[in-house]
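For the sequence shown, the positions run 11 to 317 when this note's numbering is used.
Ideal placement from N, C-alpha and C gives every residue a C-beta, glycine not left out.
From a predicted model like this one, the values you see are computed outputs, not experimental measurements.
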Amino acid sequence: MGEENLTIMEEFVILGFYELPNIQDLLFGIFTVIYLSILMGNGLIIVITKTDPALHTPMYFFLGNFSFLEICYTSVILPRMLMNFWSQNRNISFVACAVQLCFLLILGGTECFLLAVMAYDRYVAICKPLYYPVLMNQKVCIQLVVGSWICGIPVEIGQTFQIFSLSFCDSNKINHVFCDIFPLLKLACGVTSINELFVYAVSVLFLTVPFLLIIWSYVNIITTILNLPVGMKRSKAFSTCSSHLIVVTLFFGSGIITYLRPKSTHSPGIDKVLSLFYTIVTPMFNPLIYGLRNKDVINIIRELCKP
């Protein structure tokens with residue numbers, strides 16, 4: 011039997027937007043501004059929700075944790091992307107790639123569960139207001155947040171280990187903007203159908219199940235809101251929920267299309283654009299969606315800005 015032409019990979023090359031060589035400096039500037047806006051916007055929400063006693067409620071407790079998660083999530087991706095633009099050195103070691111993928115999957119799974127928790131919080135607040143102080147007490151809120159952060163860790167570590175246990179062929183060029191599952195599977199030798207099946211199973215667990223729970227929550231919420239008298243309460247309830255739904259649509263929409271569509275339909279260009287939505291666009295718009303559409307947050311920012 012002939013020996014298979016396999017290579018022990020020591021590093022990969024993240025191609026990123028290599029097809030746009032003339033605007034690398036422009037892209038560096040754009041993504042630098044985006045990263046700074048994510049840090050400042052989400053950081054401001056964290057500070058406001060932690061320091062102002064009026065916002066020490068479950069909804070803002072979850073929002074503060076969500077903003078912290080968004081900072082962590084983008085920090086897994088954007089600093090290395092900016093470094094690649096600046097130095098034009100797109101190499102990433104085997105271990106660094108594995109670590110990036112692992113944290114990306116863990117934090118992405120956390121975001122799925124935390125968005126579901128935030129939807130449940132709105133469901134209880136609107137549909138069961140009399141039970142809200144009991145069902146969403148401080149202990150329960152902490153348990154829900156901690157559970158969102160840790161429940162996916164074993165699964166995502168196992169998935170990362172499974173991906174990087176594969177043998178890779180001669181090419182080490184990842185045609186993507188960061189280390190992600192399907193671009194890595196394209197470089198793997200042999201049959202990867204079992205790995206792909208596991209990816210779809212985990213995607214159903216982390217994407218579809220929380221998304222269906224969110225849909226169920228909002229069907230009940232909308233039904234309850236429509237039964238409220240016409241006035242401020244209905245308008246405020248719709249405003250609060252619509253902010254959450256915008257974030258849900260951006261994140262889950264791009265995530266589900268990326269990870270649940272057949273491998274044969276994947277194309278590098280589309281995958282790069284979709285990946286930017288759930289890793290960068292959602293964190294960037296999170297402060298705008300929750301801040302500029304929230305009167306409580308706007309009033310506190312005005313107070314802070316007063317001389």
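Per DSSP, what kind of secondary structure is residue 29 in: helix, strand or coil?
coil
Residue closest to residue 38, alpha-carbon to alpha-carbon, out of 70, 55, 93 and 50
93
Inter-residue spacing [alpha-carbon to alpha-carbon] between residue 47 and residue 201
42 Å
Identified DSSP bridge partners for residue 21:
103
Close beta carbons around residue 258, own chain, < 8 Å, minus the five adjacent residues each side
125, 129, 221 and 224
When DSSP labels each residue in this structure, what does residue 14 get in the three-state scheme?
Below a pLDDT of 50, predicted positions are generally treated as unreliable, and residue 14, at 45, falls in that range; the measurement from the model is reported next regardless. The answer is coil: DSSP assigns residue 14 none of H, G, I, E or B.
Per-residue burial, residue 166 [other beta carbons within 10 Å of its own, 16 or more giving buried]
buried
Scan the region 92-146 and note each continuous alpha helix (DSSP H) run of 4 residues or more that stays entirely inside, going in chain order.
104-137 and 142-145
Run the CB neighbour count on residue 89, radius 10 Å, all protein chains shown included, and call it buried at 16 or more, exposed below.
exposed
Residue 11, buried or exposed, once every other Cβ within 10 Å from all chains shown has been counted against 16:
With a pLDDT of only 39 at residue 11, under 50, the local geometry of the prediction cannot be trusted, and no value is derived from it.
Per DSSP, which one or two residues make a beta bridge with residue 184?
24
Could you tell me the alpha carbon to alpha carbon distance between residue 95 and residue 189, rounded to whole angstroms?
16 Å
Identify the continuous alpha helix (DSSP H) that holds residue 228 and give its terminal residues.
219-236
By a C-beta neighbour count over all protein chains shown, 10 Å radius and 16 as the cutoff for buried, is residue 14 buried or exposed?
Because the pLDDT of residue 14 is 45, which lies under 50, any placement of that residue in the model is unreliable, and the number read from its coordinates should be weighed accordingly. When all chains shown are included, residue 14 counts as exposed.
Residues that DSSP places opposite residue 198 in a beta bridge
178
Expressed to the nearest angstrom, what Euclidean distance is found between the alpha-carbon atoms of residue 290 and residue 115?
15 Å
Alpha-carbon to alpha-carbon, residue 209 and residue 218
13 Å
Buried or exposed by the 16-neighbour rule on C-beta atoms within 10 Å, applied to residue 312:
exposed
How about residue 80 and residue 293: are their beta carbons less than 7 Å apart?
yes
Looking at the secondary structure, which residues open and close the alpha helix (DSSP H) in which residue 47 lies?
34-61
Is it right to say residue 161 is buried, meaning 16 or more other beta carbons lie within 10 angstroms of its own, or is it exposed?
exposed
In terms of residue numbering, what span does the alpha helix (DSSP H) encompassing residue 151 cover?
148-160
Would you report the Cα separation of residue 248 and residue 136, rounded to the nearest angstrom?
10 Å
Starting from the C-beta of residue 187, find all residues in its chain whose C-beta is less than 8 Å away, skip the five residues before and the five after it, and write them out in chain order.
24, 26, 27, 87, 91, 282, 285 and 286
Expressed to the nearest angstrom, what Euclidean distance is found between the alpha-carbon atoms of residue 59 and residue 204?
44 Å
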